[in-house]
Structures are given as C-alpha cells and as structure tokens.
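Okay, so here's the structure we're looking at.
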Amino acid sequence: MARSFSILFFVLLAFLGGGNVFLPFSSNELTVLFGLLPLFFLSINVPGWNWRGEGASPVSVLAALLFLFYVWAAAGYFYSVRPEVSFGPAVKYLTAVLLGLALILYLKETRQVREILWTCLICSGLISLFAVVQQFKPDLILTRAETGLSSHSLFFNVNLFSCYLLFHLPLGAFLFFSSGSNRLKMLTAVIFVAILAGLLFSGSPGGQAAAIFQLIALAGYLLWEKRVDRLKLLGLGVLLASVGYAVLVLILPHETGDGAGGAAVPDGLIRRAWVWDHMLNRFDYWRGAWRIFLDHWLTGTGPWTIFLMYPQYGVQYVPLHAHNLFMQTAADAGLTGLILLSASLWVLYKKCFRIVLDEKNPDRDLAFYLTLSVTGFLLHNLVEYNWITSSFTYYFTVWALLIDFLDRQRAPRGGAISSFRRFFPLFAAGCGVFAAVACARLYLYDRAIYHDAMNVRDIKDIETFAERAKGFCRRCDFPYLAMAAVDIERFKRGEGKEFLPKAEDRIREALQLAPYNPEAAIYLGEIRILQDRFAEARELLLQAKKFNAYTDSPLVSAERLEDLERKAGRPEGD
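Numbering (the working numbering), first residue to last: 42 to 615.
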C-alpha cells in the first residue's frame, strides 16, 4: 500500500502541487491537500517501523537541520508583520516536515529511490509535451499578457515551469544511461528531449542559463569518468532537442507584426529580453530585501511578507518577492533562518561529495545526478524565488532526503542522531497531529472568510462567517476588514450613522494585528471620503497604491482616488 500511495502522491504533486492554472484550486486548498497526503503517507509507514532494530536513527544531521529550518520559518507566523498572508506559507512549511518524516520511514532500499524518480520523470515528460502543444494551440497559453507566447504548461508562469524542469533534466539522462531495457531507454530519451524543448519554449532566461550549467556539468562528469559513449549520447540528445525546437518554430503558425529584428516572428519564438533587462530590476529587489533584513535581522518579517515591506523602503520596483532565495529567506526568516538554510545546504553538499568521490559506492552516479538537479534549482533561485509559493519546497525536501538516504546506506552511524531511534515514531506521530490541526484550521479559516463570506445573499451574513473565521485564526486581520466593509456599505444604504465609526474601529483592530496593510488603508480612505476629509483620504489611498501590482490594492486604490477627485472637484495628480 505504501508503494502505491507513494506513486499516487508524486503524480498528484506533479500535476497539482505547483498550482495548476487550469484547475480552480486556491493556494491554501492545495496546501491543505498536500498536508493531508503526507499525513496519510506517514500514518501507513509508522506501523512498519522496527522499534527495537539496531543502528542509527533515520533522522540525520541534514534532516534535523532542514526540519529545524522549516519549523523556524513556520514559527514566523507568530511574529509576522501580517499573519494573514503568512498563515498559508507557515502551514506549508509544516507539511514539508510531514513529507520528510514520511519519506524517511518509507525509504528502505535504493529500488524505492528509483521508483520515485521514474514516477516524477514520466510526469515531467507529460508536462513538457503539453508545453509544446501550447505552441500549436496558443489559446492554451493563459499568461500572454505577461510573457507573450512563452509556454507555461500547467504552471502560473514560465519561471515556475522552467524551475520544475530543472529538477528533472539531469534525472532524464541518468535513467537513460542506467536503464537496461531498450523501451525504457527510448522513453527516457523522448522525455529528455521534451524537457529541453520545454525549457526552450518557456523563454525563461534564468531557467535556460541553469539548464546550460547542468548540461556542461554533466558533460564534465562524463569526461572525468571517461564515458565518452555516454557523452556522445548526451550531445545527440541536446542536438535533437535543438533541431526539434528549430523545426517547430518554422512550422508553427506565423503572426503578423515585427519581431526584435524587424522580421515576422513565429508564435513559438520567445520575444523576451534574455538577461540584462531582467537583471537590472533584480538589483533593486535585492537592495530592498537587504535593507529589510538589516531592520529585522534576527527573526525577519514572517513568511511571504516581503512585498508588504518593499513600499516602506523607497525602492523603485515593488515586486511580489525578492527574486532570490537567500535574500528572501533573510528578509522573511532573519539571520536565524538564513543560518539554518545555509547549514542544511552545507551538510547536503558535503554528503554529495562524499558519495561521488567514493569510487566503490554503487550509487555515486545517482547521487551526482540528484545533486545536479538540486544545484540547477538553487542556481535558478539566485534570480527567482520558486520556493514556498509552489511545490518546489516539497521537491527540494525529497531530493535532499534521497541524497541523505544514499549517504546513510554506506555510513549510517556517522550521519545520524542514533539516540533518537526509539522515539522517532512517537515524534513523527506528534508532528502529524500538530500539522493536521494546523491544516484543519487553515482550511476552515479559508472556507469561512474567502468562500462562505464571499458568497452570501445578504451582506449582513458576512459578519457571521467573519466571526467564525476569527475563531480559526485569531491573528488574521481579514475578518475585521470584511466586517468593516459591511459596516461601510450599511452606512451608504442609510441604515444608520453609527456604522461608520464602527467600521473605523474594526479597521483599527485590523491594523493592530497587521500594521502593513494596504486593504486597511483603502477602507480607511473610503471612510475619510464619506467624511469629506479628502486630504487624509488621498494620503491613505496613495499609500495603498504603492503596493505590488499583483495584488488588488493598486487597482482598488486608483478607483477610490477617482471617486475622491470627482467628489472633491480637483485633479488627481501624483
């Protein structure tokens, strides 16, 4: 049963975990789903644990450091500058711990590692082929407003798609070289070519650069091992992907208009500035993240809060994230989180080198290819932040623990905390219960405030659901804002003058929980308009307008500013 469920889990992780743009699941719903799945995976593996067996605990130093980092990052919810936006990411960190514990209990043989990799690779091949199909069916490309006709496959943007492929590109080569069956070799060859084509059609500069590094490193490893035959096959695979891409570009329908060079450009050809234009704004992102870190150096500002902090630091651009894993971690989790993450990576690469340099280790090739997958992911995350916002936290956890498992197969005692063995199942069960409660509260909160409260016939019922939501997340501010919105609407309907002061009181309660709050500024600005206090309203709405364009705040604040100017009878200005 555990084997079947592991296959099911990794299939669902591939097609749902990163967020599927074609399916109506919210981020919090997916977080809960991928909390319950590892919980079940954990529960079916705990009974098979050998309580009295000899040897070291399965929790190695690497696993302990990684789990400590996740727990510390999740604890950021309690000191977050806005717990509302940190709630979901905090729970996701806890679910990553659950997945790691379940995987530790599940893995007993190297055969299981290969089964996981085969499952993930086949899924990546299907997802890559769908990206090629998108070039023939542009209506399936849902992100054209941002990235033109770049393929995003199932993901919400091309950077997520390319980052996903980086986890699987080296594994396609490994499973091709290590497969004894001609049919399996043919399958992996097709998948490898499809992944490369997907990377080319994604138009992601960071993803393509990381893939080039992976291919160069792979070629260098094959030369070092004097496997010239494999090097030739690798070159042939890259050549086939490049030729296939060029052929597809030529046969794809042409659109009218000029490309960068003045000629008509095929739909499949990506017309994005490749490197430098995208790097200039990142320097500004990193400068802002560094300044946030300096002011909150110990604990950070909480998970996924950096976009709330950027407007306070006068940076030119206001991104959704820092476009760098380490800068984002420093700002979100402080120096403590950055040290834990760096220590985890140090131990991980130490294990990698130990395996790869051991010529007697039968798993050295597998360890190298897994390491190359992780390295490609980390390189991409030097210019992007594909971490807690997608399934990549889970993939990183799995890949790291697979490398850890391979290392402990040969040196179990030196790499594990042996005194913890007998208590490990109890510890895992305790973590499962805690994470299950967190998932339940997140689901019930999300359901009450973002679904039930938003689908009522009478606005007075919103207050009922908002009160219910407060019981599931007492540090979240949105229930107060929802009730304030109801009070403002009832004031507009002429139901009583007392609703406006009541709404203002609710907004102030929300601001006490979350001072960096563009929605609160918008509602407070609307109240000031109703009170004919136009100068204060204008200041509040301009403040909300500074926030990231991916949120609704700039658009809503702009609409309120138009209302203000019409009522005040003067031009809007800056």
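Just so it is clear, CB atoms sit at the ideal spot from N, CA and C, and this is done for glycine as well.
In the three-state reduction of the DSSP assignment, S243 falls in the helix class.
The beta carbon of A599 is closer than 7 angstroms to those of K586 in its chain, skipping five residues each way along the sequence. Per DSSP, the unbroken alpha helix (DSSP H) holding H421 starts and ends at R405 to H421.
Inter-residue distance for F110 and G378 is about 6 angstroms (C-alpha atoms, whole angstroms).
Scanning the stretch 175-261 from its first residue to its last, the whole alpha helix (DSSP H) runs of 4-plus residues come out as 185-188, 199-219 and 223-243. G471 and E504 have their C-alpha atoms roughly 35 angstroms apart.
Cβ-Cβ separation between A609 and Y564: approximately 19 angstroms, too far for a contact (criterion under 8 angstroms). For D399, same chain residues with a beta-carbon under 8 angstroms away, outside a window of 5 residues either side, are R405 and R451 in chain order. Around A578, the same chain offers G566, R569, I570 and L605 as residues with beta carbons nearer than 7 angstroms, after the five sequence neighbours per side are excluded. Here M350 is buried: its Cβ has 16 or more other Cβ atoms, across all protein chains shown, within 10 Å. In terms of Cα proximity to K392, the closest of A104, F51 and L83 is A104. F46: member of the alpha helix (DSSP H) spanning A43 to L53, first to last residue. In terms of Cβ geometry, F348 and V359 form a close pair [threshold 9 angstroms]. For F394, the secondary structure class from DSSP, reduced to helix, strand or coil, is helix. When rounded, the separation of the alpha-carbon atoms in L53 and L106 is 27 angstroms. The closest CA to that of H337, considering only D373, S47, S191 and Y354, is found on D373. DSSP, read as helix, strand or coil, puts F464 in coil. For F513, the uninterrupted alpha helix (DSSP H) segment begins and ends at K501 to F513. A544: member of the alpha helix (DSSP H) spanning F540 to L554, first to last residue. The Cβ neighbour count for R607, taken over all protein chains shown within 10 Å, is under 16; the residue is labelled exposed. Our two residues, R534 and H364, have alpha carbons roughly 45 angstroms apart in a direct line. Just so you know, the alpha carbons of P246 and L216 end up roughly 27 angstroms apart.
Closest in C-alpha terms to L263, from the list Y286, Y410, L206 and L181, comes Y410.
Here the C-alpha atom of V231 lies approximately 44 angstroms from the C-alpha atom of R482. Boundaries cannot be given for L339, as no alpha helix (DSSP H) includes it and DSSP labels it neither H nor E.
By the C-beta criterion, the stretch 170-181 is judged not to be in contact with the stretch 416-426, since fewer than 3 inter-stretch pairs fall below 8 angstroms.
The alpha-carbon of K273 is positioned some 30 angstroms away from that of S191.
A Cβ-Cβ distance of about 5 angstroms is found for the pair L240 and A252, placing them in contact under the 8 angstroms criterion. The beta carbon of T346 lies closer than 7 angstroms to those of S121, V122, R123, V126, S127 and D373 in the same chain, with the five residues before and after it left out. Per DSSP, the unbroken alpha helix (DSSP H) holding P520 starts and ends at F519 to K533. In the assembly as shown, A287 is an exposed residue. Its beta-carbon has fewer than 16 other beta-carbons within 10 Å.
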